[in-house]
Amino acid sequence: MDLHMFVPDFQAMREELTRLGFEELRTAEEVQEKLPTAKGVTLLAINSMCGCAGGIARPAAALALRQVKPDHLMTVFAGQDKEATAAARALFPQYPPSSPSFAVLKDGQAVAMIPRSQIEGSDPQTVAQRIVEAVQAARG
């Protein structure tokens with residue numbers, strides 16, 4: 001029996017976002033170097049292997065990017081790049097850890113969060129609209 005058929009294809013999950021232009025931050029150092037110093041509006045996707053990430057969150061990101069263009073697109077992968085994810089979450093301690101989720105940062109400061117509770121049970125269009133509204137609000 002080939003047990004590899006039961007192993008999730010993490011690379012494909014990553015590529016769903018990198019194909020959209022998201023820059024992967026794989027280490028705590030990359031997060032600390034790029035997120036706090038990013039000027040303008042950043043959309044950070046906290047990726048996950050769960051069903052609502054693949055069925056809702058990642059498709060929502062694609063839909064949202066048809067309407068808004070943040071200055072920066074970055075992503076960390078919860079459960080895979082644990083140190084990078086922890087470093088990202090440390091930048092917005094006011095929000096409880098959640099994955100999948102989206103954080104909107106302005107000049108390196110978190111200004112909005114779309115947590116799993118606002119993703120799970122929603123459809124991609126609804127989540128995309130939340131992303132669009134958060135990015136537009138950050139732009140002022």
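So for the sequence shown, UniProt numbering puts the first residue at 1; every next one is plus one. The C-beta atom is built at its ideal place from N, Cα and C for all residues, glycine as well.
Within the segment 51–112, complete alpha helix (DSSP H) segments of at least 4 residues are found at 58–64 and 82–90, given in chain order. By the C-beta criterion, the segment 59–71 is judged not to be in contact with the segment 84–96, since fewer than 3 inter-stretch pairs fall below 8 Å. Counting only the Cα atoms, Gly54 lies some 27 Å from Glu29. Residue pairing by DSSP puts Ile114 in a beta bridge opposite Phe102. With respect to Met113, Ala103 sits close: the two C-beta atoms are nearer than 8 Å. The continuous alpha helix (DSSP H) containing Thr126 extends over residues Pro124 to Arg139.
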